[in-house]
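First up is the structure itself, then whatever we jot down about it.
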Amino acid sequence: MLSSESFPALKLRAVWLAVGYSLIAVIVILSLTSSPIDTGLDFPYQDKLYHMLAYFSLMFWFAQIYHDRIKRNLMAVMFILMGVLLEYLQGFDPNRYSEFADMLANSMGVLLGLLLALTGAKNFLLKFERIFH
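My numbering puts the first residue of the sequence shown at 87, with every later residue one more than the last.
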């Protein structure tokens, strides 16, 4: 039986899930578009940092909603596979290319989000709701 710790008492769970699914949609669109967004910034490995931040955000967001270890680990595997698949699909676009380093950056982002979810930070949304709702 799953404990209440597995599913924190989020009053706005549906909203938080909608935000999470929107994050997934944005990542899919940005990964598959022929013209990715130019941030105007230029520093070494910025692309890798963006990949890592995107997948970190995704994993950490859903880890706020699901505290169950099995669900979190399953999400981590799914997000890693999503990152690998989307990066592979970029290779079919003549204006983009597939990079193993991007797959690694995606995976590192997921793992960092998963690690942060093992700390008290996993209750950020719960604390946010208690303060503002």
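Each residue gets a CB set at the ideal place from its N, CA and C atoms; glycine is no exception.
What do you get for residue i, buried or exposed, if any count of 16 or more other CB atoms within 10 angstroms of its CB means buried?
i	result
V196	buried
Y107	exposed
G169	buried
K213	exposed
A140	buried
M87	Residue placement at M87 is poorly supported in this model, since its pLDDT is 42, which falls under 50; the coordinates are not used for a value here.
A104	exposed
At the level of alpha carbons, what is the spacing between residue i and residue j?
i	j	result
S89	L211	Low confidence applies to S89: its pLDDT is 49, below 50, so where it sits in the model is not reliable enough to give any reading.
Y136	H153	26 Å
R216	S193	32 Å
S143	G199	7 Å
M189	A95	34 Å
P220	R182	Residue 220 lies beyond the residue range present for the chain, which begins at 87 and ends at 219; the question has no answer from this structure.
S184	Q176	5 Å
V163	A191	14 Å
Let me know the secondary structure DSSP gives residue i once reduced to three states.
i	result
Y131	coil
R182	coil
G177	coil
Y152	coil
D230	Outside the displayed span of the chain (87 to 219) sits residue 230, for which this structure offers no information.
S120	coil
L204	coil
Give me the residue from the options with the minimum Cα distance to residue i.
i	options	result
A111	F178, F165, D124 and R158	F165
Y180	Q132, L118, D188 and A203	Here residue 180 is Pro; the residue named in the question, Tyr, does not match the sequence. Here the closest residue by C-alpha is L118.
F202	D128, F146, D188 and K157	Before going further, note that residue 202 is Leu rather than Phe in the sequence given. Ranking the options by Cα distance to L202, first place goes to F146.
I208	L160, Q132, F148 and R182	Ile is not the amino acid found at residue 208; the sequence shown has Lys there. Comparing Cα-Cα distances from K208 to each of L160, Q132, F148 and R182, the minimum goes to F148.
A114	A187, L167 and W102	One point to set straight first is that residue 114 is Val, not Ala, in the sequence displayed. If we check each option's Cα against that of V114, L167 comes out closest.
Suppose the cutoff is 6 Å on Cβ atoms and the five residues either side in sequence are ignored; what does the same chain contact list for residue i look like?
i	result
L172	S117
Give me, in chain order, the residues of the same chain whose beta-carbon lies closer than 7 Å to that of residue i; leave out the 5 immediate sequence neighbours on both sides.
i	result
R99	I151
If I measure Cβ to Cβ from residue i and keep anything under 8 Å in the same chain, skipping five residues before and after, which residues do I get?
i	result
L204	none
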